[in-house]
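Residue numbers (the numbering used here): 490 to 768.
Contents: one structure, followed by commentary.
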């Protein structure tokens, strides 16, 4: 999607794009995720699971028809920017994104989910200290990608500092994470798996993996996918064949004595959207 900014300044353009991307992500599920749900519904053998998947698909259709968010937990916005070489990396970039989040919260509307971690005071507009999370990478185009992340799935996520000798046990670690989570993250889920890097970067890799298309998996991802679905947790934790819709893995090199692994659990509402800003 491309947006022609109403405000020609850089912060204004980013605010417009962020608001537009959040509206798209919150109301319409990406085509690849919708297709994965439809495929699951077509092959699911359990009667209750088929009914749950049918309800999910009806929910998605109604959200688009009525132009309302897909889920009452509209999450917290996680934002990924690509900046071309001619755009200066300044604090105004972050302020533009924050303004877009404020506008989207009021206009869509979004549930205000951002609170102080100790006092639990709600900021009221989904911005605050360190919020929204903004990740910036160089690119050829100015783009804004949003990944609204709900708490039910985020709370089921997990990180482990494994030993290098435990590399063969990574699929087991991922499946165990889902076994512990059970029905809490509103399955069927999409699992973003990060492998390598450091304690902090592996968590970022796992979340970035959720931006990847879910309609293809390599052999390693398929192995983990099969192990997770063999758990039989099923849609909404009520049993069935479909516990996961996809598993996506991102890797980085790591210390010779380390093997960081992270699993970022995402519910069936894997909401994401990208807007390119025409300048």
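Using N, Cα and C, we set each Cβ at its ideal position, and we do this for glycine too.
Note that the structure is a prediction, hence the values are computed from the model and not measured.
Quick one: Cα of residue i to Cα of residue j, how far?
{"i": "residue 746", "j": "residue 533", "result": "42 angstroms"}
{"i": "residue 755", "j": "residue 715", "result": "17 angstroms"}
{"i": "residue 531", "j": "residue 677", "result": "14 angstroms"}
{"i": "residue 748", "j": "residue 687", "result": "8 angstroms"}
{"i": "residue 727", "j": "residue 536", "result": "10 angstroms"}
{"i": "residue 664", "j": "residue 720", "result": "8 angstroms"}
{"i": "residue 690", "j": "residue 742", "result": "11 angstroms"}
{"i": "residue 574", "j": "residue 626", "result": "11 angstroms"}
{"i": "residue 764", "j": "residue 654", "result": "42 angstroms"}
{"i": "residue 730", "j": "residue 672", "result": "14 angstroms"}
{"i": "residue 554", "j": "residue 692", "result": "35 angstroms"}
{"i": "residue 656", "j": "residue 597", "result": "44 angstroms"}
{"i": "residue 702", "j": "residue 635", "result": "15 angstroms"}
{"i": "residue 767", "j": "residue 502", "result": "9 angstroms"}
{"i": "residue 608", "j": "residue 579", "result": "31 angstroms"}
{"i": "residue 549", "j": "residue 696", "result": "23 angstroms"}
{"i": "residue 504", "j": "residue 561", "result": "23 angstroms"}
{"i": "residue 762", "j": "residue 570", "result": "12 angstroms"}
{"i": "residue 606", "j": "residue 619", "result": "11 angstroms"}
{"i": "residue 758", "j": "residue 679", "result": "9 angstroms"}
{"i": "residue 723", "j": "residue 546", "result": "15 angstroms"}
{"i": "residue 527", "j": "residue 649", "result": "33 angstroms"}
{"i": "residue 576", "j": "residue 718", "result": "45 angstroms"}
Apart from the five residues on each side of it in sequence, which residues of its chain come closer than 8 angstroms, Cβ to Cβ, to residue i?
{"i": "residue 583", "result": "623"}
{"i": "residue 601", "result": "594, 611, 612, 613, 614 and 615"}
{"i": "residue 706", "result": "714, 735, 736 and 737"}
{"i": "residue 543", "result": "530"}
Strictly by DSSP, which residues pair up with residue i?
{"i": "residue 739", "result": "683"}
{"i": "residue 651", "result": "748"}
{"i": "residue 567", "result": "622 and 636"}
{"i": "residue 572", "result": "627"}
Report back the beta-carbon spacing between residue i and residue j to the nearest angstrom; my notes put them in contact at under 8 angstroms.
{"i": "residue 529", "j": "residue 699", "result": "Actually they do not touch by this definition, with Cβ atoms about 18 angstroms apart."}
{"i": "residue 684", "j": "residue 752", "result": "So it is not a contact: roughly 10 angstroms between Cβ atoms."}
{"i": "residue 604", "j": "residue 586", "result": "About 19 angstroms; that fails the 8 angstroms criterion."}
{"i": "residue 581", "j": "residue 499", "result": "6 angstroms"}
{"i": "residue 740", "j": "residue 518", "result": "About 27 angstroms; that fails the 8 angstroms criterion."}
{"i": "residue 637", "j": "residue 564", "result": "4 angstroms"}
{"i": "residue 633", "j": "residue 732", "result": "Rounded, the Cβ-Cβ distance is 32 angstroms, inconsistent with contact."}
Short of 6 angstroms in beta carbon distance, which residues of its chain neighbour residue i, apart from the five on each side in sequence? Order them along the chain.
{"i": "residue 660", "result": "712, 713 and 716"}
{"i": "residue 651", "result": "748 and 750"}
{"i": "residue 539", "result": "533"}
{"i": "residue 725", "result": "541 and 672"}
Who are the near neighbours of residue i in its chain, counting only those whose CB is closer than 7 angstroms to its CB and skipping five residues on each side?
{"i": "residue 738", "result": "682, 684, 698, 709 and 710"}
{"i": "residue 552", "result": "516, 558 and 559"}
{"i": "residue 674", "result": "641, 642, 645, 754 and 756"}
{"i": "residue 572", "result": "578, 625, 627, 628 and 631"}
{"i": "residue 704", "result": "521, 524 and 525"}
{"i": "residue 566", "result": "511, 590, 615, 621, 635 and 637"}
Looking at the ligand ATP, does it come within less than 6 angstroms of residue i, judged from the CB to the closest heavy atom?
{"i": "residue 691", "result": "Judged by which ligands are present, the structure shown has none, so any question about the ligand ATP falls away."}
Task: Touch test, the region 606–617 against the region 586–596, Cβ-Cβ under 8 angstroms, three pairs minimum - done: Remark: three or more beta-carbon pairs, one from each stretch, lie closer than 8 angstroms, so the region 606–617 and the region 586–596 are flagged as touching.
TODO: Kindly confirm or deny that the region 666–677 and the region 507–516 touch, where touching means at least three C-beta pairs closer than 8 angstroms.
DONE: Taking one beta carbon from each stretch, the region 666–677 and the region 507–516 have fewer than 3 pairs nearer than 8 angstroms; the two do not touch.
Task: Touching by the beta-carbon criterion (3+ pairs, under 8 angstroms), the region 518–527 and the region 633–651 - done: Not touching, per the Cβ criterion.
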